[in-house]
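In our numbering, the protein residues as written are 138 to 326.
Virtual Cβ for every residue (Gly too), placed ideally from N, Cα, C.
Quantities reported herein were computed from a predicted structural model and do not represent experimental measurements.
Below is one structure, written out as structure tokens; the observations come after it.
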Ligand SMILES: *[C@@H]1O[C@H](CO)[C@@H](O)[C@H](O)[C@H]1NC(C)=O
Ligand SMILES: *[C@@H]1O[C@H](CO)[C@@H](O)[C@H](O)[C@H]1NC(C)=O
Ligand SMILES: *[C@@H]1O[C@H](CO)[C@@H](O)[C@H](O)[C@H]1NC(C)=O
Ligand SMILES: *[C@@H]1O[C@H](CO)[C@@H](O)[C@H](O)[C@H]1NC(C)=O
């Protein structure tokens, strides 16, 4: 009898946690009246939250990386990022396809061979941006990034990024705010 009640309690608890997770997911919405033109141009990735177990060994190598967002008339975007790789400076381009919701994009991840969504949750365009990748929040795929127009941001914005990542279930250890800027600022240089 007691065992049975205990099992019921466990089931209910687990189920509530699952429902709660669903609730958090539903809350990830893009910035109101998102303006892609204003979001375009150069950004630094000042913060990264990424809880993938595979990524743990790489955490200490993360630097503030450079990126550039271009947009077309249709509302699609390309993100070019530069960073130090095994063979020196490397760049990678992500093709972000617009969705019906301004501020939300889709792209195909070559690495994981799945379609991922990108949501610009918050940005004031001239200073910072808070971007969620894979809003279903799955350890292997989901990331929160803090973008800055400059490589360092006000403490309050960094704290907001940290709080937001924690609220989505990211572990404290997975939230990285590197001190050093990657020296690569152009492909192959
Ligand atoms: C970013 O892209 C725009 C549009 O293509 C280009 O004019 C600008 O030079 C690029 N910035 C960098 C740093 O590459
Ligand atoms: C993205 O890059 C591709 C390939 O270079 C180009 O054809 C496309 O016009 C670019 N789109 C945007 C939105 O910059
Ligand atoms: C937006 O960016 C400007 C800097 O360009 C800054 O002065 C302002 O405080 C920022 N607004 C918010 C809400 O963070
Ligand atoms: C972050 O969370 C802490 C603890 O809940 C709170 O005291 C602080 O004001 C929050 N900071 C921001 C910028 O939201």
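Length of the line joining the Cα atoms of residue i and residue j
i	j	result
residue 221	residue 316	15 Å
residue 313	residue 184	6 Å
residue 196	residue 172	32 Å
residue 207	residue 242	13 Å
residue 293	residue 300	10 Å
residue 246	residue 234	12 Å
residue 287	residue 298	16 Å
residue 267	residue 199	18 Å
residue 264	residue 274	26 Å
residue 238	residue 244	14 Å
residue 229	residue 216	8 Å
residue 318	residue 178	18 Å
residue 86	residue 166	Because residue 86 is not part of the residues shown, which for the chain are 138 to 326, the question remains open.
residue 271	residue 290	24 Å
residue 201	residue 226	14 Å
residue 296	residue 175	24 Å
Burial state of residue i (16 or more Cβ within 10 Å)
i	result
residue 182	buried
residue 156	At residue 156 the pLDDT is 44, less than 50, meaning the model places this residue with poor confidence; the figure from the coordinates comes in the next sentence. Exposed.
residue 253	buried
residue 323	exposed
residue 320	exposed
residue 311	buried
residue 256	buried
residue 203	buried
residue 193	exposed
residue 240	buried
residue 169	exposed
residue 159	Low confidence applies here, because residue 159 scores a pLDDT of 44, under 50, leaving its location unreliable; read the following figure in that light. Classification for residue 159: exposed.
Legend entry - Stretch pair the stretch 294-312 + the stretch 202-221: three plus CB contacts closer than 8 Å: no
Inset, instruction - Determine contact between the stretch 188-204 and the stretch 269-283, defined as no fewer than three beta-carbon pairs at a distance below 8 Å. - result: yes
Inset, instruction - List in chain order the residues whose CB is within less than 5 Å of at least one heavy atom of ligand 6. - result: Here the bound small molecules are ligand 1, ligand 2, ligand 3 and ligand 4; ligand 6 is not part of this structure.
Inset, instruction - Only counting runs of 3 or more residues, tell me where the beta strand (DSSP E) segments fall wholly within the stretch 167-222, in order along the chain. - result: 178-187, 202-208, 214-222
Inset, instruction - Check each residue's C-beta against every heavy atom of ligand 4 and list, in chain order, those closer than 6 Å. - result: 293, 296, 297, 300
Inset, instruction - Enumerate, from N- to C-terminal direction, the unbroken alpha helix (DSSP H) stretches of 4 or more residues contained entirely within the stretch 250-325. - result: 292-304
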